[in-house]
Amino acid sequence: MKKVNLGPILFVGPHIVLFLVFILLPTIFGIYASFTKWNMISDPVWVGLDNYRTILFNSDSTFYQQFYNGMKNTFIFVLITVPLMIIIPLLIAVALEQKDVKFKNMFQTLLYIPGLISISAASLIWSLIFNKQLGVANNLFGSDVVWSATQPYAWITIIAITIWAGIGGNMIIYRASINGVSPDLYESAEIDGAGSFRKFINVTLPSIRFPLIFTLVMTTAGSFNVFAQPLMMTSGGPQQSTTVLMMYIRDLAFSHGQSIAGVASAMAVMLGLVILVISAIQYYLMNRNAV
Amino acid sequence: MYLAYTFLILVSAIWLVPVLFGITTSFRSQTEVVNEGFRLLPVNWIVDNYVAILENTSSAPILQWIWNSIFISTTHTLLVIVVVSITGYGYTRMKFKGRDALFFTLLAISFFPNVVNLIPSYKIIDTLGWVNTPWAMIVPGLAGMGNIFLVRQFMKGIPKELDESARVDGASDFVIFFRIILPLIKPVLIVCGLFSFVGSWNDFLWPVIVYTDVQKMPVTAGLLLLQDVYGNYRMIGQLMGSAILAIIPTLLLFLFAQKYFVQAIKLNAGIKG
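First to last, the protein sequences are chains A and B. To convert, count from 1 in the first sequence and add 231; that's our numbering. To convert, count from 1 in the second sequence and add 179; that's our numbering.
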């Protein structure tokens, strides 16, 4: 009889058990649940594509309205936030990597620290900035705006806190990558008569394409899961105009007493598919164009 | 260059204002806040807000929340380090059939957006009886593949000759793991540890779902309740004081371990691509 080598099982096995219980099983069950009527207490009842039919096509249903409103608001958030989360850190990194700039690490630390503050603590502080009477915002602009309850200001509060908390990580990645670009490339560009802007376009950008793809894919996928900022800053208002899909998913599944986990699961699967497809497209397009 | 400076100073100032404004407001009385309106510095500095915060141990037990977070994040981090180091060893230094195929299969599955497993994960935690216990936040995160991927990349850089010669001398996997590999992978373990700690400390969606008991929740979930506890900004100083207390622990950790954080982000991005 062949001797079984126990070693690898001891080293790899425990994590595989964790993986099966906390990732694979819930993922499979989540997909299964999206085809059922389920309240998280009694057993799920198979209903085929009913949940999908409701959220995608039945325009009389509340779930349909919630799904499209949540999707729309999530996309608004992603489309505004992601470009800013790429461009602002890139500009800062370029500024930080100018030869004569001093206190680089001090600037970097200052800009990175907000990323360490939990989003709920940050939201409390930022709600003060946007407070009608006492806030910096209204005092600065001489305005009289109820930021969290009027559009487009409600979006501005959500985007502002997201950018404030989120640029640090990308900034450090870009800084390190720009630092690693060979000086020879810049020199030969200079010989060809390139100014700083041309050097940025022709040398810096192509050289850091891998970190750019990485941050773009990660930032986009992360942004689709947005939940805390609108919940804390605007509670999804005014008139649900900042209620993102994750808020509906959580409310439907975990509202006490009447869980509608089947429908919530269908929404979650749709959101998951959107994230998956967009990440794949981004990766494919950028990787192809960059070569 | 002046352009770069102006830009950096401007951005840094904008980035600092909220925290400073929060700190100074936490030292103002509510009457002053209402009567004097917007000010960057208090007229009278007072600590009453902090006294009130610390005395409220029923509806907003902030010290208890911070302690819950410290316990959860520390335990989680230590377990992450144990799991990723032994698993990383298994996937890089041991030979078994289908090793790399297994690793990449798990990695591919983990790319599936985890919004899909959110609801069943709650059901599993509920079945295990872990709702409103620290384990709800400590254990599920141990299953992730990200840190293992990082450790695997790092371990592959360690020369094979090191453990092979030890193996020839009759050393077992346990000896090689503890004596040779573990000391060498310390940098990447620190990186995983820091990210796990901050990630667990700042997690929001999951704790909001699995904790309903005010005394048991971590601080991020607790802060969500404060808007109601402090009357929707009718006690602004106490609200700000609570937020400031909540950010002190991670800030201290960052200041002590700053160079590792920067290293960590670079490593995590796989800059070498």
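For every residue, glycine included, the Cβ atom is placed at its ideal position computed from N, Cα and C.
Could you pull the DSSP bridge partners for residue 381(A) from this structure?
Looking at the DSSP assignment, residue 381(A) forms no beta bridge with any residue, so it has no partner.
Listing by chain order, which chain A residues have their CB less than 8 Å from the CB of residue 437(B)?
340
Tell me which residue opens and which closes the alpha helix (DSSP H) that residue 299(B) is part of.
297 to 306
If you drop the 5 nearest sequence neighbours on each side, which residues of the same chain put their C-beta closer than 7 Å to that of residue 439(B)?
369, 370, 373
Interface flag, residue 395(A) vs chain B, CB-CB below 8 Å
yes
Comparing C-alpha positions only, which one of 182(B), 354(B), 202(B), 352(B) sits nearest to residue 427(B)?
The option with the nearest alpha carbon to residue 427(B) is 202(B).
Can you list the residues of chain B that residue 380(A) reaches, using a CB-CB cut of under 7 Å?
Those do not exist, as residue 380(A) stays about 12 Å from chain B at its closest Cβ, beyond 7 Å.
Reducing DSSP to helix, strand and coil, say where residue 522(A) ends up.
Low local confidence applies: a pLDDT of 47 at residue 522(A) is under 50, so the model's placement there is unreliable, with the coordinate-based value given in what follows. Of the three classes helix, strand and coil, the one that applies to residue 522(A) here is coil, per DSSP.
In whole angstroms, what is the alpha-carbon distance linking residue 396(B) and residue 226(B)?
26 Å
Label residue 364(A) either buried or exposed according to how many other C-beta atoms from any shown protein chain fall within 10 Å of its C-beta, with 16 as the threshold for buried.
exposed
Would you list the residues sitting across from residue 277(A) in a DSSP beta bridge?
267(A)
Can you say whether residue 364(B) is buried or exposed, counting buried as having 16 or more other CB atoms within 10 angstroms of its CB?
buried
Decide yes or no for the touch test of the segment 431 to 445 of chain A against the segment 402 to 416 of chain A: beta carbon pairs closer than 8 Å, at least 3 of them.
Verdict: yes, contact present.
Taking the C-alpha atoms as reference points, what is the distance between residue 376(A) and residue 464(A)?
Residue 376(A) and residue 464(A) have their alpha carbons spaced roughly 15 Å apart.
Against chain B: residues of the segment 402 to 418 of chain A by CB proximity under 8 Å
403, 404, 407, 408, 411
Complete runs of the beta strand (DSSP E) confined to the segment 380 to 420 of chain B [at least 3 residues]:
none
Assumed close pair residue 291(B), residue 476(A) - CB separation to whole angstroms, cut-off 8 Å:
Not really, about 17 Å apart at Cβ, beyond 8 Å.
Reduced DSSP category for residue 412(A) - H, G, I as helix; E, B as strand; rest coil:
Reduced to three states, the DSSP call for residue 412(A) is coil.
For the alpha helix (DSSP H) containing residue 279(B), name the first residue and the last one.
278 to 289
I'd like the list of long-range same chain contacts for residue 206(A), defined as Cβ closer than 6 Å, with 5 residues on each side in sequence excluded.
Given a span of 232 to 522 for chain A in the structure shown, any question on residue 206(A) remains unanswerable.
Output the boundary residues of the alpha helix (DSSP H) element that contains residue 320(B).
Residue 320(B) -> no alpha helix (DSSP H), and no H or E assigned at all.
In the structure shown, what three-state DSSP assignment does residue 206(B) receive?
coil
Consider the Cβ of residue 425(B): report whether some Cβ of chain A lies at a distance smaller than 8 Å.
yes
Among the residues of its own chain, which have a CB less than 7 Å from the CB of residue 309(B), if the five just before and after it don't count?
315
Going by the beta-carbon positions, is the gap between residue 315(A) and residue 394(A) smaller than 8 Å?
yes
Residue interval of the alpha helix (DSSP H) (run including residue 373(A)):
That residue, residue 373(A), is in no alpha helix (DSSP H); it is neither H nor E in DSSP.
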